[in-house]
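Colleague: Residue numbers (the working numbering), protein chains in the order written: chain B, 1 to 180; chain D, 1001 to 1613; chain R, 2001 to 2304; chain V, 3001 to 3189.
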Amino acid sequence: MNDKNSQKIVDVIKNFARKHSLFVLAYGTGCGAIEIPATMTSRYDAERFGIRGAATPRQADVLLITGYLSTKTLKRVIRTYEQMQDPKYVIGFGSCTINGGMYWDSYNTIKLLDMYLPVDIYINGCMPRPEAVIEGFIGLQKLIAAGKAEGAKKYKENLDWYRANQKKVIKNWVMPDYNW
Amino acid sequence: MNSLVIMLLIYFAGAILVYAANKFSAVLRDVIVVLAGLLPVALFFSIPAFEAFQFRIAGFDLFWDLGSLAYIFEALVVVVGAASLVYAISYMKGKKNLGYFYMNFFLSLGSMTGILMSQDLISFFIFWEIMTWSSYFIVVFNGYKTNKIGLTYIFFSALGAYAMLTAIVMINTQTGSTMWNDFFIAFAGMSSHYQLLISILFIFGFGVKAAMMPLHIWAADAYSHSPMAYTATFSGVLSKMGVYGLALVMIKLALVSNHFVFSQVIAWLGAVTAALATIYALIQKDIRKLLAYSSVAQLGYIITGIAVGTAMSFMAGIYLAVLHGLFKAALFMVAGAVEKQAGTTDMHKLRALIRKMPLTFITAMVAIIALAGIPPLGGFVGKWMLYESLIGSNHYFLVIVIFFSSTAAFLYAYRFLYGIFLGQEEEEFAHVKEAPLMMLIPMLFFTVLLIVTGTFPGIILGPVANAMNHGMGFRGVQWEMSVLTNVYGDSIHLSVISTIVVVVFIVFALFLILKGRKGTRYVTTKDIANSGEPVRPEDNYHFALDFYKPFERAMAPLYRFKMSEIYGNISDGLVSFFQFTRRLYSGNGQTYVYYVLLFIVILLVFSNQLINR
Amino acid sequence: MMGDIWMTLLGVLVTTLLAFVTGMFYMGASRKITARVQNRVGPPIYQNFLDLIKLQAKDTAIHHGWMQLLGPAFLMVSAVGSLMFIPVLNKGLFFENFTADGDIIFLLYLMVFGSLGMALGAGQTGNPNSAIGVTRGLTQMVGFEIPWVMAIVALILQYHTTNIAEILEAQHRSGVWSMFANPYAFIAALLAAFGMFRYSPFDIVGAPAELASGPVSENGGKFLGTMMSSHAVFAFVKLVLYVDLFMGGADNLVELVIKTFGLYLIPLTYGMVNPRYRTEQAVRYFYGWPTLFGIIAILYAVFY
Amino acid sequence: MELHKEKQLLETLQGVFQLKSGEIKRRHRIEVEVEKKDVVPLLLFVKEKLGYKHLSHISCVDWIEEGRFELIYMPWSHQEQILIMVKVSIPRDAAEMENIDMIWRQANTYQRELREMFGIEFPGFVGDYDFILEDWEDIPPMRRDFDTEAYVKDHYFERPGREDAKDVRTEIAKRSGEQIPDFAKKYSR
């Protein structure tokens, strides 16, 4: 297995499996959570791409941020993300995660999700329809297959930068360390 | 000198010496405790055969000999007794009145030996009384709170003893002898009234100690409130004296083969005891109480096995009796270790001791696996034989009741392990350390013993089969070291089963641990997936309250049935009845005339039937 | 002698592999069928293999103690161990493994071994959801074991043997499958199977929206993967046991697949159209009609 | 329209309490204004004697120019179908009000919100401090002297291209050459 070529083959298999088996932790923030049932059920049927829900962060691969994040929720989302096991991906969902959306001047919601968590792919729209959601997932699958969905790695490498941003909005930082 | 007498003497001399030594030095006392506990073990297992011993005192012939069935129970007495004594040294450290405690401990061990070797009814009864009183004194050892519990215990025990005494007097008037053997021989020739009365009285007397269904209400409290070091012996061995007596009465008097109703009633009582005690065990919040109810339930299986009385079910009953002595002693020792180290036995307070007391956990786990009857450990062997024998002897509904209770036993088994050792860690128990070595040694000894007897049940089955063939009246009982065969001729091979279970377990455990070890690190149990909310230090999400609420809801009708309430009603009824009878004596001459008239009228009304008879 | 050991090992490997692959495909098929019933396309039938590879390739960076590490191993013991004592095909057609060394009462106990070990692993994680799920699962088990045992007792009384291979033989000798020879026992066992397979309405144990998947809520990656494979093996074990006990076994693998899959469809389709029972409702359900059928089955076996 | 129920209620209240003002807003709704000391007696009176069992809401308005907060308690009666709006003014610099969560349990939630969003203190009121905002260090955000835009600029990041925050309606109109009617202009910023 130390051979470079066989490692490459293993990587291809792994990435293929990862691509087609995405367990989504739908952290239902904001208004976007209502689009998820539609995406998962009969009409749009995300399960045909291997996308299914996961109940806890320990089992999940994809963290779906479905809309605006208040600072209070952000703390929990960061904790949830850190509890997920590698490899893990983040999807920012809706314009609120991209630039604040209609909450651009709210005193209590963050505007740019990628300053706090490494977002692999954004789905824009307010709200994005299920077609757009599935399109986003397929985009993520392409990234995974190409081995480019490396948000977790980025997060690990630039942890100090992310922490500084996170601590800027979360004053009382009492959380277990992230060290894996 | 006779080796039986020596063993008896060691115990009784130990009782006196330890009481005397306590006045001088604690170390001397402990040395005597260990010596007098371990010496009988050495003696017992080094002597191949015991001689009989006969003497005459105050006009009665006393005859002591260790029968082949009694041999098994005696082995249990010396082994569990010695282990409990070793355990007690560490467990009872720092308590007062230890001389008194050890004296009673030795007295009850000695009296149990005496019971098992008595071949005559007189010494049997005397030893029985010593056993009852010495155990009573330890039940009330923990202070005045236990007085009421002790009272219930001694009240039922006294009732049983009087029943037994009545039976003994009746036997003496009928046969003119006080020997068990004469009684067994003469029983067949007695009139049916005497047969019925004597058997009922004996079963009542032994049923109290064996915690049989309507007579069990003392058991749960008495087991849970005496010091755990003694409860290991109390529940593990002392209750087996009742089982021993029941086995003698049921099998030797041929109650099973000749009196179908008897064996059915007792078997069903045993099964109902098992079922009800099990569902009560799983709603207890105190681990000692849980184990106490579980003891009652296990005794229910044993009684059923003996009462059904086929060769295999009897064997299962005795095997379970021995095994119950081993694993329940281990479990009570675990409870004692937890009580000693963590300071409480309340499952609502205890949390996650597994990392603090790993060896205790292993003992508890092995003993619980044995208790729950999960292969490859010993409890499974007993349960298997019990089921096969019940099905084979057409007790098909009995087997369902027993199976219900044994499945429900998984619930309290899990509750026991989870309640003490698993769940979320708590600051309050951060200081807890592993139990001291003197407590661990007996516990680990039982662990090893349970594993060995599970794979090679022949170690116990051999003597049992021997006892059944020589002395219990069964013929041609077969046994093998690790093969069990049922009445249909199908067999299971325990060594193969153990090998498969162990090998598969090791393969996957290695797969998971070796592969995971590299990248895996330990995090505290507070670091859980909890919707992202970090568990604060002052929070604890341990789940202990209303553990089996769904089960309680589903079984609500069964929980309404409480034997102690029935006894309460009886006593209330008696009080009001006596008040009523008091009112009959009105002191007025007219009323008495009315009573006489009423009596005559009743006589006239029923005279026809009376005279025609 | 040496050859025997190698043969035994080969048998163990082949049987386990067969059970694993079949079970995985059945689980995939169940997802596909559920999807078609809900008018969806559904995942491909090999989806579970992809899930498994992904889970095994996932990091498992943390654990809550050694009992959690061992939990899935207990499950595997239960699944693979039971498989070793069940004849996959009729006598002489497939590896015998250890079918002569165990019997059905023993299997009853070995089959609960895993859930209890898993429960210990779940308990150590410290997640309250895990423990709540475990208590629900155990309570439900007390429910469905009773009709299941009644059915088995009825079979034992009918055929006067406790060995599974012998029961198979007896069915062949009489020429009647026991599901026809004692239909009540089959009905009782089938109703008990609903609880055993834990499809809805009896899926309260791992209710994802309510308990965060219950006992497995702290387990991801390799733990979850191992559990998934053990579930696959275990599903196969249960199905083959039912086929052996009630449908006269199978003569070849195709027949086996047809029979087991047909059997598998029953709890699956029953679950698709049913909501979820609460725990005590589930227990009461099992103590209702299934137990009644069990009693009838025993009486039928005794008096017929 | 017949408003005799409302009139009757207002007369009752005027008879018992010294109202600073009282008027019938419309059917099902009257509005009274009282002194701070009269609030709790009045609420108890309407709840216990008149059957206004339900507290719909406690609202607050920041009259920064007049230096006061106006609290509005809204009990509602299911029998009478009337909502009473009990107004009370409290000084802005010493914002303090009596705790009523023993009269209505749900007042707890409203008071927590008021405490957090306006900084109104309720002496004797126990309730977890963090409600919606966690670890808030600035002045309470619903006070009108709180500068939201400056706060957002100071604390959060902004995606380039969003600096001006232009009005969407006007921008689209500009692009397409559409004329916005005058009456519609007041709705756009």
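Every residue, glycine too, gets a C-beta built ideally from N, C-alpha and C. From a predicted model like this one, the values you see are computed outputs, not experimental measurements.
For R:H2231, count neighbouring C-beta atoms within 10 Å of its own C-beta (all shown protein chains included) and say buried if the count is 16 or more, exposed if not.
Modeller: R:H2231 is buried by the Cβ-count criterion.
Colleague: Which residue comes first and which comes last in the beta strand (DSSP E) that contains D:L1197?
Modeller: No beta strand (DSSP E) contains D:L1197, which is instead part of the alpha helix (DSSP H) from S1192 to K1209.
Colleague: Start and end of the beta strand (DSSP E) containing R:P2183?
Modeller: First-last for R:P2183: P2183 to F2197, but that is the alpha helix (DSSP H), not the beta strand (DSSP E).
Colleague: Tell me where the beta strand (DSSP E) around D:Q1054 begins and ends.
Modeller: D:Q1054 -> beta strand (DSSP E) spans F1053 to I1057.
Colleague: Tell me the rounded alpha-carbon separation between B:T80 and D:I1566.
Modeller: Each residue's Cα considered, the two are about 55 Å apart.
Colleague: May I have the straight-line CA-CA distance separating R:T2060 from R:N2219, to the nearest angstrom?
Modeller: Looking at the two C-alpha atoms, the distance is approximately 9 Å.
Colleague: Just mark D:S968 as buried or exposed, buried being the case when its beta carbon has 16 or more other beta carbons within 10 Å.
Modeller: Not covered by the structure: residue 968 of chain D. The range shown for chain D is 1001 to 1613.
Colleague: What did DSSP end up calling V:F3146 once you bin it into helix, strand or coil?
Modeller: Three-state DSSP puts V:F3146 in coil, outside helix and strand.
Colleague: For D:V1079, is the classification buried or exposed, using 16 other Cβ atoms within 10 angstroms of its Cβ as the cut-off for buried?
Modeller: By the neighbour-count rule (16 or more Cβ atoms within 10 Å), D:V1079 is buried.
Colleague: Can you list, in chain order, the residues of the stretch 2141-2169 of chain R whose Cβ is nearer than 7 Å to any Cβ on chain D?
Modeller: Against chain D - using a Cβ distance shorter than 7 Å - the residues of the stretch 2141-2169 of chain R are M2141, V2142, E2145, I2146, V2149, M2150, V2153, I2156, L2157, H2160, T2161, T2162, N2163 and E2166.
Colleague: Taking 8 Å as the CB-CB limit, is D:A1529 close to chain B?
Modeller: By this cut-off, D:A1529 is an interface position.
Colleague: Check whether the Cβ atoms of R:P2128 and R:F2223 lie closer than 8 Å to each other.
Modeller: Cβ distance not < 8 Å, so R:P2128 and R:F2223 don't count as in contact.
Colleague: If you follow the alpha helix (DSSP H) that D:A1161 is part of, which residue opens it and which one closes it?
Modeller: Taken as a continuous stretch (DSSP letters only), the alpha helix (DSSP H) holding D:A1161 covers N1147 to T1175.
Colleague: Which chain B residues sit within Cβ distance under 7 Å of R:P2043?
Modeller: Residues of chain B passing the Cβ test: E47, R48 and G50.
Colleague: Can you find a C-beta in chain R that's less than 8 Å from the C-beta of B:A55?
Modeller: Closer than 8 Å: yes.
Colleague: Please report how far the alpha carbon of D:M1179 lies from the alpha carbon of R:L2138, in whole angstroms.
Modeller: Each residue's alpha carbon lies about 51 Å from the other.
Colleague: Kindly indicate if chain B contains any beta-carbon less than 8 Å away from that of V:Y3151.
Modeller: Output row for V:Y3151: interface = yes.
Colleague: Verify whether the separation of the beta carbon atoms of D:T1304 and D:I1402 is less than 8 Å.
Modeller: Taking 8 Å as the Cβ cut-off, D:T1304 and D:I1402 qualify as a contacting pair.
Colleague: Helix or strand or just coil, what does DSSP make of D:D1286?
Modeller: The answer is strand: DSSP assigns D:D1286 an E or B state.
Colleague: For D:H1431, is the classification buried or exposed, using 16 other Cβ atoms within 10 angstroms of its Cβ as the cut-off for buried?
Modeller: Exposed: under 16 other Cβ atoms inside 10 Å.
Colleague: Taking B:D105 as the query, report the chain V residues whose CB atoms sit under 8 Å from its CB, ordered along the chain.
Modeller: Going along chain V in sequence order, the residues near B:D105 (Cβ under 8 Å) are T3148, E3149, V3152 and A3165.
Colleague: If you drop the 5 nearest sequence neighbours on each side, which residues of the same chain put their C-beta closer than 6 Å to that of D:R1613?
Modeller: Its pLDDT being 46, under 50, D:R1613 is placed unreliably in this model, and the coordinates cannot settle the point.
Colleague: Exposed or buried, what is D:F1543 when buried is set at 16 or more other beta-carbons lying within 10 Å of its beta-carbon?
Modeller: Buried.
Colleague: Are there three or more Cβ pairs, one per stretch, closer than 8 Å when the stretch 1066-1078 of chain D is compared with the stretch 1036-1055 of chain D?
Modeller: The stretch 1066-1078 of chain D vs the stretch 1036-1055 of chain D: in contact.
Colleague: Indicate the three-state DSSP secondary structure (helix, strand or coil) for V:G3022 in the structure shown.
Modeller: V:G3022 falls in the strand class under three-state DSSP.
Colleague: For chain R, find out if any of its Cβ atoms is closer than 8 Å to the Cβ of D:N1486; answer yes or no.
Modeller: Yes, D:N1486 lies at the interface with chain R (some Cβ there is under 8 Å from its Cβ).
Colleague: Under the rule that 16 or more other beta-carbon atoms within 10 Å means buried, what is R:H2064, buried or exposed?
Modeller: Counting Cβ neighbours within 10 Å, R:H2064 comes out buried, since at least 16 surround it.
Colleague: Rounded to the nearest angstrom, what separates D:S1498 and R:G2081 at their Cα positions?
Modeller: Taking the straight line joining both Cα atoms gives about 10 Å.
Colleague: At 7 Å on the CB atoms, spell out the chain V contacts of B:N158, in chain order.
Modeller: Here the premise fails: no neighbours, minimum Cβ distance about 15 Å.
Colleague: Please report how far the alpha carbon of B:G139 lies from the alpha carbon of B:A145, in whole angstroms.
Modeller: Taking the straight line joining both Cα atoms gives about 10 Å.
Colleague: In the DSSP assignment, find the unbroken alpha helix (DSSP H) run with B:R79 in it and report its ends.
Modeller: Residues T71 to Q83.
Colleague: Short check: CB of R:L2110 to CB of D:L1417, under 8 Å?
Modeller: No, Cβ-Cβ distance for R:L2110 and D:L1417 is not below 8 Å.
Colleague: When you compare the CB of B:S42 with every CB in chain R, is at least one pair closer than 8 Å?
Modeller: Yes, its Cβ sits closer than 8 Å to a Cβ of chain R.
Colleague: Could you say which of B:T39, B:V10 and B:A55 lies nearest to B:M127 if we only look at CA atoms?
Modeller: Among B:T39, B:V10 and B:A55, the Cα nearest to that of B:M127 is on B:T39.
Colleague: Is there a Cβ of chain D sitting closer than 8 Å to that of R:E2218, yes or no?
Modeller: Chain D contact via Cβ: present.
Colleague: For D:R1582, count neighbouring Cβ atoms within 10 angstroms of its own Cβ and tell me buried if that reaches 16, exposed if not.
Modeller: When all chains shown are included, D:R1582 counts as exposed.
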